[in-house]
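Per the UniProt record's numbering, residue 1 is the first one in the sequence shown, and the count goes up by one each step. Glycine residues also receive a C-beta, built at the ideal position from the N, C-alpha and C atoms. What you are looking at is a predicted structure, and each value in this text was computed from that prediction instead of being measured. To start, the structure itself, in structure tokens.
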Amino acid sequence: MENGEIPENANEHCPGPQSETAGKSDSCAGCPNQEVCATAPKGPDPDLVAIAERMSTVKHKILVLSGKGGVGKSTFSAQLSFALAGMDHQVGLMDIDICGPSMPKMLGLEGHEIHQSNLGWSPVYVEENLGVMSIGFMLPNSDDAVVWRGPRKNALIKQFLKDVDWGEIDYLVVDAPPGTSDEHISIVQYLQATGIDGAIIVTTPQEVSLIM
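Encoded structure:
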């Protein structure tokens, strides 16, 4: 659990070993790390400092959410990103739907891979001023299933935030998975220090699509 990382064997909704509720939250019940987390000294998560430094080059951050899947959330995220890029803004599109990444297919980027430089991970560019980051670029096959528990998904989101080299950009559009889960809690916590400019909820007129 170095650097505040969530251990692989943690419960699904682990608050993180550096959290004030570590080892004390209801979600910690039965976790093999509960006693260690409850008694370990707490300190600032060094990764949050790295995230704040990386996000200092991003002017605006927008979350795109939905209560249910299939309502057009990812389509909206893609079109919003294209619209902002079409206005000559520098734009990043981050897909944090870890278990159901759709951006590579939606943007015609299947088969592309992430490259690493001394500055970090390089986004895949669909246009000169529109970069994309998704776990879909990390899978051996585009139709491979991603079956991960919460701690592992949270760790990848943190890595996206601190290791992706977006450069100086005007907007970062974050396409979240449907519903309310670990990914939503994590992205808000990790960006708390740098601030989120707004969130857009995408839905359809059906009553069941409004249930979060």
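Check	Outcome
One or two residues paired with K61 in a DSSP bridge	L172
Where the alpha helix (DSSP H) containing Q189 begins and where it ends	D182 to Y190
Where the alpha helix (DSSP H) through L130 begins and ends	L130 -> not in any alpha helix (DSSP H); beta strand (DSSP E) instead, spanning L130 to S134.
M94 beta carbon less than 8 angstroms from that of F137	no
Candidates V147, A85, R152 and L172, of which the one nearest S186 by Cα	R152
C-beta atoms of Y190 and H89 nearer than 8 angstroms	no
Local conformation of M138 per DSSP, three classes	helix
Under 8 angstroms between C-beta atoms of N33 and P15	no
Contact under 8 angstroms by Cβ, G67 with I211	yes
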